[in-house]
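Trainee: Residue numbers (numbering that gives the first Met the number 0): 0 to 197.
Note that CB positions come from ideal geometry on N, CA and C, so glycine has one too.
Owing to the predicted nature of the structure, the values given are computational and were not obtained by experimental measurement.
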Amino acid sequence: MGRIPCCEKDNVKRGQWTPEEDNKLSSYIAQHGTRNWRLIPKNAGLQRCGKSCRLRWTNYLRPDLKHGQFSEAEEQTIVKLHSVVGNRWSLIAAQLTGRTDNDVKNHWNTKLKKKLSGMGIDPVTHKPFSHLMAEIATTLATPQVSHLAEAALGCFKDEMLHLLTKKRIDFQLQQCSPNVAQGNTSSPYIASTKHDEK
DNA sequence: AAACGATTCAACCGCTACTAA
DNA sequence: CTTAGTAGCGGTTGAATCGTT
0 MGRIPCCEKD NVKRGQWTPE EDNKLSSYIA QHGTRNWRLI PKNAGLQRCG KSCRLRWTNY
60 LRPDLKHGQF SEAEEQTIVK LHSVVGNRWS LIAAQLTGRT DNDVKNHWNT KLKKKLSGMG
120 IDPVTHKPFS HLMAEIATTL ATPQVSHLAE AALGCFKDEM LHLLTKKRID FQLQQCSPNV
180 AQGNTSSPYI ASTKHDEK
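(1) Mark Phe69 as exposed unless 16 or more other C-beta atoms lie within 10 angstroms of its C-beta, in which case mark it buried.
(2) Taking only the alpha-carbon atoms, compute the straight-line gap between Ala43 and Ser51 and give it to the nearest angstrom.
(3) Excluding the five sequence neighbours on either side, which residues of its own chain have a C-beta within less than 8 Å of the C-beta of Gly97, listed in chain order?
(4) By Cβ distance below 7 Å, which residues in the same chain neighbour Leu60 in space, the five residues on each side in sequence not counted?
(5) Here's the rule I'm using: 16 or more other beta-carbon atoms within 10 Å means buried, otherwise exposed. How should His125 be labelled?
(6) I'd like the list of long-range same chain contacts for Asn10, defined as Cβ closer than 8 Å, with 5 residues on each side in sequence excluded.
(7) Rounded to whole angstroms, what's the CA-CA distance from Arg55 to Arg34? Just pull it up for me.
(8) Measuring straight from C-alpha to C-alpha, what distance separates Gly119 and Lys110?
(9) Please name the residue or residues paired with Ile120 in a DSSP beta bridge.
(10) Are there 16 or more other CB atoms within 10 angstroms of the CB of Leu212, so buried, or fewer, so exposed?
(11) With DSSP collapsed to three states, give me the class of His31.
(12) For Cys48, which option in Trp36, Asn58, Thr57 has the closest C-alpha, if you only look at C-alpha atoms?
(13) Which runs of the beta strand (DSSP E) spanning at least 3 residues fall entirely within the region 32-56, listed in chain order?
(14) Evaluate Lys166 with the Cβ neighbour count: other Cβ atoms within 10 Å of its Cβ, from every protein chain shown; 16 or more gives buried, anything less gives exposed.
(15) Counting only the same chain and skipping the five closest in sequence on each side, list residues whose C-beta sits under 7 Å from that of Lys12.
(16) To the nearest whole angstrom, what separates the beta carbons of Trp107 and His81, a pair I think is in contact under 8 Å?
(17) Could you check what DSSP says for His81 in three-state terms: helix, strand or coil?
(18) Whole angstroms is fine: what's the gap from Asp121's alpha carbon to Glu73's?
(19) What are the start and end residues of the alpha helix (DSSP H) that includes Val103?
(20) Please report the distance separating the alpha-carbon of Thr57 from that of Asp102.
(21) If you drop the 5 nearest sequence neighbours on each side, which residues of the same chain put their C-beta closer than 7 Å to that of Lys104?
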């Protein structure tokens, strides 16, 4: 006995949304808001499941969304935040006006990961590959030291997560911690792109 | 022009978190 | 406190598009 599905799959349309469906959903939400996604498709005359409607609205139809290319500043913000919080796409997206978690995730997976790798930076740890190799050697030699470093990094990440969850923060360089403001972030990408801009 | 591979991104799936009763 | 229903998240998929041969 599994969970009851969110909708009867047989009676539900899937795949690409048509402009008519978009119109129906948009005008219904404009009138009634987004309370109870389960009822929205039924009331709006759509043969879609509520989940699909919510996704379509939040990722595409919302009027406050940006649809164009990501700017250099947005990319830097994503990389910087990703180096701190990892794959917490919704947290990262919340710091970028008009971008969704899906946007950020797609952009990261298709562009930024490759960009970083091309620069010799590991997109997971945000450290140069050469440093990683050195770290592996160190770790093998003195496990205690590496555990301490890992614990310290964990505390910092927890603190950042706490801040980001509590409120939207302005991630401009001059308002960050002294280390970050000096371009001394954990991600060499920031420093190098700043350099590139000159 | 056609075939094929690579890339992009919208949409789906399954899980967890949250909330109201 | 427990439970059931809903919302939200991150990973994954696959159709559409683009670029190359």
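Mentor: On the basis of the supplied data:
(1) Along the first sequence, read from residue 1 onward, the residue named residue 69 stands at position 70. It is buried - the Cβ of Phe69 has at least 16 other Cβ atoms within 10 Å.
(2) For the purposes of this step, residue 43 is taken as the residue at position 44 of the first sequence. For the purposes of this step, residue 51 is taken as the residue at position 52 of the first sequence. If I take the Cα positions, the gap works out to 13 Å.
(3) For the purposes of this step, residue 97 is taken as residue 98 along the first sequence, with counting starting at 1. So the qualifying residues of the chain are Asp63, Leu64, Lys65.
(4) Indexing the first sequence from 1 puts residue 60 at position 61. Hits under 7 Å: Asp21, Leu24, Ser25.
(5) The residue labelled residue 125 in the question sits at position 126 within the first sequence. Its Cβ being crowded by 16 or more others within 10 Å, His125 is buried.
(6) Numbered from 1 along the first sequence, position 11 holds the residue referred to as residue 10. Counting only Cβ-Cβ distances below 8 Å, and skipping sequence neighbours, we find Gln46.
(7) For the purposes of this step, residue 55 is taken as residue 56 along the first sequence, with counting starting at 1. For the purposes of this step, residue 34 is taken as residue 35 along the first sequence, with counting starting at 1. Whole-angstrom Cα-Cα distance: 15 Å.
(8) Taking the first sequence and counting its residues from 1, the one referred to as residue 119 is at position 120. Taking the first sequence and counting its residues from 1, the one referred to as residue 110 is at position 111. Roughly 15 Å between the two C-alpha positions.
(9) Numbered from 1 along the first sequence, position 121 holds the residue referred to as residue 120. Note: Ile120 sits in a beta bridge opposite Pro127.
(10) What is shown of the chain runs 0 to 197, which leaves residue 212 out entirely.
(11) Mapped onto the first sequence, residue 31 falls at position 32. DSSP places His31 in helix when its eight states are reduced to three.
(12) Counting from 1 along the first sequence, the entry for residue 48 is found at position 49. If we check each option's Cα against that of Cys48, Trp36 comes out closest.
(13) none
(14) Indexing the first sequence from 1 puts residue 166 at position 167. Model confidence at Lys166 stands at a pLDDT of 44, short of 50, so the residue's coordinates are unreliable and nothing is read from them.
(15) Within the first sequence, the letter at position 13 stands for residue 12. For Lys12, where only same-chain residues beyond five positions count, the Cβ hits under 7 Å are Gln46, Arg47.
(16) Translated into the one-based positions of the first sequence, residue 107 becomes position 108. Translated into the one-based positions of the first sequence, residue 81 becomes position 82. Right, the Cβ-Cβ distance comes to about 7 Å (below 8 Å), so this counts as a contact.
(17) By one-based count along the first sequence, residue 81 stands at place 82. Looking at His81 - three-state DSSP - the assignment turns out to be helix.
(18) Residue numbering aside, residue 121 sits at position 122 when the first sequence is read from its first letter. Residue numbering aside, residue 73 sits at position 74 when the first sequence is read from its first letter. The alpha-carbon atoms of Asp121 and Glu73 are separated by roughly 19 Å.
(19) Along the first sequence, read from residue 1 onward, the residue named residue 103 stands at position 104. Counting along the chain, the alpha helix (DSSP H) containing Val103 begins and ends at 100-106.
(20) In the first sequence, the residue the question calls residue 57 occupies position 58. In the first sequence, the residue the question calls residue 102 occupies position 103. Their Cα atoms are separated by approximately 11 Å.
(21) Taking the first sequence and counting its residues from 1, one reaches residue 104 at position 105. Taken in chain order, the residues that qualify are Trp88.
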